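Chemist: Chains as they are written, first to last, in my numbering: chain B, 37 to 390; chain A, 37 to 390.
Ideal placement from N, C-alpha and C gives every residue a C-beta, glycine not left out.
On a predicted model such as this, the values are computed, not experimentally measured, just so you know.
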DNA sequence: CTGAAAGCGCTTACAG
DNA sequence: CTGAAAGCGCTTACAG
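#1: Let me check understanding here. Comparing Cα to Cα, which of A:279, A:321, A:322 lies closest to residue 308 of chain A?
#2: Quick check on the DSSP output: what are the complete beta strand (DSSP E) runs of length 3 or more inside the segment 155-181 of chain A, in order along the chain?
#3: Here's the rule: buried if 16 or more other CB atoms are within 10 angstroms of the residue's CB, otherwise exposed. What is residue 64 of chain B?
#4: Under the assumption that residue 173 of chain B contacts residue 275 of chain B (Cβ atoms under 8 Å), give the Cβ distance between them as a whole number of angstroms.
#5: Which residue spans inside the segment 37-84 of chain A form an unbroken alpha helix (DSSP H) run of at least 4?
#6: Between which two residues does the beta strand (DSSP E) carrying residue 128 of chain B extend?
#7: Can you have a look at residue 277 of chain B and say buried or exposed, based on whether 16 or more other CB atoms are within 10 angstroms of its CB?
#8: Can the beta-carbon of residue 227 of chain B be found less than 9 Å from the beta-carbon of residue 324 of chain B?
#9: Does chain B have any CB closer than 9 Å to the CB of residue 321 of chain A?
#10: Leaving aside the five residues before and after residue 291 of chain A along the sequence, list all residues of the same chain whose C-beta is less than 8 Å from its C-beta, in chain order.
#11: Reducing DSSP to helix, strand and coil, say where residue 373 of chain B ends up.
#12: Work out the CA separation of residue 148 of chain B and residue 132 of chain A for me, nearest whole Å.
#13: Any idea what DSSP makes of residue 231 of chain B, helix, strand or coil?
#14: Run the CB neighbour count on residue 381 of chain B, radius 10 Å, all protein chains shown included, and call it buried at 16 or more, exposed below.
#15: Identify the contact partners of residue 265 of chain B in chain A, using a Cβ-Cβ distance below 8 Å as the criterion.
#16: Looking at chain A, is there any beta carbon in it that lies within less than 9 Å of the beta carbon of residue 86 of chain B?
#17: Nearest chain A C-beta to residue 65 of chain B closer than 9 Å, yes or no?
#18: Among A:306, A:248, A:273, A:223, which has the Cα closest to the Cα of residue 391 of chain A?
#19: When you compare the CB of residue 112 of chain A with every CB in chain B, is at least one pair closer than 9 Å?
#20: Taking the Cβ atom as the reference point for each residue, do residue 104 of chain B and residue 181 of chain B lie within a distance shorter than 9 Å?
#21: Round the Cβ separation of residue 360 of chain B and residue 213 of chain B to the nearest angstrom and send it over; I've been treating them as touching at under 8 Å.
#22: Starting from the beta carbon of residue 300 of chain A, find every residue of chain B whose beta carbon is closer than 8 Å, and list them in chain order.
#23: Name the chain B residues whose beta carbon is nearer than 8 Å to that of residue 149 of chain A?
#24: Where do the N-terminal and C-terminal ends of the alpha helix (DSSP H) with residue 303 of chain A fall, by residue?
#25: Which residue comes first and which comes last in the beta strand (DSSP E) that contains residue 352 of chain B?
#26: Can you tell me whether residue 263 of chain A is helix, strand or coil according to DSSP?
#27: Would residue 98 of chain B and residue 162 of chain B be called neighbours here (beta carbons separated by less than 9 Å)?
#28: Among all the DSSP beta bridges, which residues are the ones paired with residue 99 of chain B?
#29: Expressed to the nearest angstrom, what Euclidean distance is found between the alpha-carbon atoms of residue 179 of chain A and residue 257 of chain B?
#30: Which residues in chain B sit within 9 Å of residue 272 of chain A, going by Cβ to Cβ distance?
#31: Quick check on DSSP: helix, strand or coil for residue 378 of chain A?
#32: Going along chain B, which residues have a C-beta under 9 Å from residue 372 of chain A?
#33: Mapping the DSSP letters down to three states, classify residue 343 of chain A as helix, strand or coil.
#34: Quick one: what does DSSP say residue 236 of chain B is sitting in, helix, strand or coil?
#35: For residue 145 of chain B, return the contacting residues in chain A, with the cut-off set at a CB-CB distance below 8 Å.
#36: Just to confirm my understanding: we take residue 80 of chain A, look at its own chain, exclude 5 residues before and 5 after, and list those with CB closer than 7 Å. What are they?
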């Protein structure tokens, strides 16, 4: 079944069929009705490839989940480790919300994963083969993102999440950033307000924007509150559960233990909990812990983890909306959006007296 | 940049360019090299729509996540409830593994969500508009699936997860089922072997295959072990956290409490844990709990939940592989595959003396 | 081994 | 208001 057959059935030309499908004005109601009826009765769906070929939009958005691990790490702590995306639930809320928002606007969503530099071609080919009208990149480090930008050129409608915006790149994409600075600052302030002075940190991957900003903000918050940062209280992690475990072990070995630790994401907090448990310490009595991301798991941890909520679903909806806005406008509308953060208090932090 | 331009640059015809792209034999190595070089240097990517239009495959697989809720339910227990897919992490491992497997075979993946019967068109149009070469449906109830089958006709390559295979439908799709019977049987047997005789159940949505089978299997296991099923110990849930909460409350009101409960999925177990906590009871000392799905959260619950593992990633990989097999063969190869289950022991069940 | 030509199914100026 | 025709970018018999 194609438009020609529909045309024959109704007794009009393909042009007319096309016009009613595309909602042209100036078509007599009677004709429109007849065509629509034939379409319905014959179960006709216009071929999407043919439409694209003549320059219509594909009504498809891409989401590229970049999760490149250059150096393999041991994962003793992780049970059931599958080591790939499906072992990492961090991106799922984003992907799911993005699909949902796109679908609402009648767009389809192509999802691709990039696990190594060799797979960057997936992003390029999706754009160059004209499979998508626009796409969002999430999970990439700044340097990877620069490489991607080079590769796909500047003629595409593209959005990036959690990427450092510079003079150089600011006109080349839509940027959705998380208010990491405020979130980390408030998390630190929260611990200080609870009376803590000996505060540690397990950082994220500081080659990612969210990793470096959370760390800087933590230091700034201590500084502004006249608190000395103890080098022993710093552990450099990489956002994985295992690094949280190792990091907390390291911190707990300090001659004088901190009374609170800011763990830069919830996944590392899981590892940190294990380390604390193994040392026979208890949360929050012996040590307070605050996480970041407010991931699904945080509410089920024991004790439930106080965490900084950054709404990935909100970031996803923003990405989809802005991408679609640019697509309908037929050109990239560069923009920078910041998704806000709030602290979700649970039971992992305790007030202490000095 | 198109194939014509490449042809001009190299000094051959478009036919020849096309032949090298599609790896035709009988092309002199010299010609092949020259064409490849021009393609590389000019950053040429064949237009996917044009290729599809002449009958090539789209190299795209669809995954349709069906999550239709006919009647809205209260969700008091759920914090941060967004009520949509991204509030439901159950499907994520499947989606992610499916994408991964498809990408490995050089296929793209289109993901769509269906939250109400009105949105069933998404499935139909993806197929009929020729956006995908094949697709898998997950999360649908048997009756919804039948409706989908009707709608999309029988000319497409389609797979379905967790659907009852009948004489009627068995030739119309590829079926990937979970070994719910064995899993539920072993879970029940596990409790019995631990010495439990007063065993309750919170069922899943028994209009879904996995819901009804797990329940039937539970009853059968009790029967074969000469244990009487107490009506007070049955709570009918629907796989949601809230129904687990309500279900456990109901069961705990029995004049004589059961010593163990089989909760038909982990999400409901979360609710059940809360109910048990609120009654001032402790797991597993006062009551043993076993879940189903071995979801990511189960290992972080307190105490960690013993659960039946069904590998959704494995089901996903199977779906992708079989779909691709049919596509390459250019016709549906109906098949039924069963994904196996195993019990993952953690700390929520205890041996008791009779 | 290779080119000219047809054709996939659509949309959109163009002309009336 | 509407039809005939061109053209989107590819692949594939067909003929040589």
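Modeler: Considering the structure as presented:
#1: Across the set A:279, A:321, A:322, the C-alpha of A:279 shows the shortest separation from the C-alpha of residue 308 of chain A.
#2: Counting only runs of 3 or more, we get 170-174.
#3: Under the 10 Å beta carbon count, residue 64 of chain B is surrounded by fewer than 16 other beta carbons and is classified as exposed.
#4: Cβ-Cβ separation between residue 173 of chain B and residue 275 of chain B: approximately 17 Å, too far for a contact (criterion under 8 Å).
#5: Taking only runs of at least 4 residues, the alpha helix (DSSP H) segments lying wholly in the segment 37-84 of chain A are 39-46, 50-57, 65-77.
#6: Unbroken run through residue 128 of chain B is the alpha helix (DSSP H), 128-140; no beta strand (DSSP E).
#7: With 16 or more Cβ atoms within 10 Å of its Cβ, residue 277 of chain B is classed as buried.
#8: Residue 227 of chain B places its beta carbon less than 9 Å from that of residue 324 of chain B.
#9: Cβ-Cβ to chain B under 9 Å: no for residue 321 of chain A.
#10: Around residue 291 of chain A: 268.
#11: Under the three-state reduction of DSSP output, residue 373 of chain B falls in the strand class.
#12: When rounded, the separation of the alpha-carbon atoms in residue 132 of chain A and residue 148 of chain B is 9 Å.
#13: Here residue 231 of chain B sits in coil by DSSP.
#14: Counting Cβ neighbours within 10 Å, residue 381 of chain B comes out exposed, since fewer than 16 surround it.
#15: Correct list: empty, because the minimum Cβ distance to chain A is about 31 Å.
#16: Answer yes: the Cβ-Cβ gap between residue 86 of chain B and chain A drops below 9 Å somewhere.
#17: So, not an interface residue.
#18: Past the boundaries of the shown model lies residue 391 of chain A; chain A is included only from 37 to 390, so the question cannot be answered.
#19: Caution applies to residue 112 of chain A, whose pLDDT of 38 falls short of 50 and renders its modelled position unreliable; the value that the coordinates give is listed next. Residue 112 of chain A has a beta carbon lying at 9 Å or more from every beta carbon in chain B.
#20: With respect to the 9 Å criterion, residue 104 of chain B and residue 181 of chain B are not classified as neighbours on the basis of their beta carbons.
#21: With a Cβ gap of about 19 Å, residue 360 of chain B and residue 213 of chain B do not count as contacting.
#22: By Cβ distance, chain B contributes nothing, its closest Cβ being about 18 Å from residue 300 of chain A, past 8 Å.
#23: Within 8 Å Cβ-Cβ: 132, 135, 136, 139.
#24: That run of the alpha helix (DSSP H) goes 302-314.
#25: Going by DSSP, residue 352 of chain B is part of no beta strand (DSSP E) but of the alpha helix (DSSP H) stretching over 348-365.
#26: The answer is coil: DSSP assigns residue 263 of chain A none of H, G, I, E or B.
#27: In terms of Cβ geometry, residue 98 of chain B and residue 162 of chain B form a close pair [threshold 9 Å].
#28: Per DSSP, B:147, B:172.
#29: When rounded, the distance between both Cα atoms is 57 Å.
#30: Under the 9 Å cutoff, chain B gives no residues; its nearest Cβ is about 24 Å from residue 272 of chain A.
#31: If DSSP states are grouped into helix, strand and coil, residue 378 of chain A belongs with the strands.
#32: The contacting residues do not exist; residue 372 of chain A stays about 24 Å from chain B at best.
#33: Residue 343 of chain A: strand per DSSP, three-state reduction.
#34: Of the three classes helix, strand and coil, the one that applies to residue 236 of chain B here is strand, per DSSP.
#35: Using a Cβ-Cβ cut-off of 8 Å, residue 145 of chain B is close to 146, 147, 148 of chain A, given in chain order.
#36: Take residue 80 of chain A, set aside five residues on each side of it, and the residues of its chain with a beta-carbon closer than 7 Å to its own are 37, 42, in chain order.
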